[in-house]
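What follows is a set of notes on a single structure, which appears directly below.
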Amino acid sequence: MKRRDILRSLTTVPFVGGIIAGVVPPGVAIAASKAAKRDLFKELGLRTFINAAGNYTSMTASLMPEEVMEAINSSAKEYVMLEEVQDKVGEKIAALCHAEAAFVTAGCWSALVLGTAGVLTGMDLK
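Counting in the working numbering, the sequence shown runs from 1 upward without gaps.
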């Protein structure tokens with residue numbers, strides 16, 4: 001643990017003590033802890049910008065809608081076999097698109113690589 005982490009965690013001590021003593025209402029402590037969220041871009045010295053160019057991977061592609069973040073956060077709390085997830089999600093997307101099959105990839109490049117591999121190997125499972 002770094003000194004900065006220790007000092008950052010010590011800043012919550014007055015609020016915790018206030019809750020225990022009944023001096024500070026619990027809502028204030030919750031608001032303070034939410035306000036103390038880390039800004040990773042700031043910590044790394046990166047500048048943010050308004051993307052008027054479109055969805056480019058080098059510009060972090062696109063921002064994720066709230067429902068996507070909710071799905072990520074809720075699914076990150078339990079273990080599951082990833083291959084089963086790929087199969088079930090692919091089936092669901094294929095049904096929604098009225099397609100024979102679908103496969104979720106990490107992005108455009110990985111989709112191209114997997115598609116090319118599928119064309120080259122065909123039905124050969126080896």
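The C-beta atom is built at its ideal place from N, Cα and C for all residues, glycine as well.
Given the structure is predicted, the values throughout are model-derived calculations rather than measurements.
The C-beta distance from residue 105 to residue 111 rounds to 4 Å, short enough to meet the 8 Å contact threshold. Annotation: residue 95 to residue 68 spans about 20 Å, alpha carbon to alpha carbon. Closest by C-alpha distance to residue 36, out of 5, 66 and 55, is 5. Per DSSP, the beta-bridge partners of residue 61 are 56. C-alpha of residue 81 to C-alpha of residue 91: approximately 16 Å in a straight line. Boundaries of the alpha helix (DSSP H) around residue 118: 108-121. C-alpha of residue 109 to C-alpha of residue 115: approximately 10 Å in a straight line.
Counting only the Cα atoms, residue 73 lies some 19 Å from residue 88.
Assignment of residue 87 by DSSP, reduced to helix, strand and coil, places it in the helix class. In the three-state DSSP reduction, residue 39 falls in the coil class, being neither helix nor strand.
Scanning 46, 47, 48 and 63 for the CA closest to the CA of residue 54 turns up 63.
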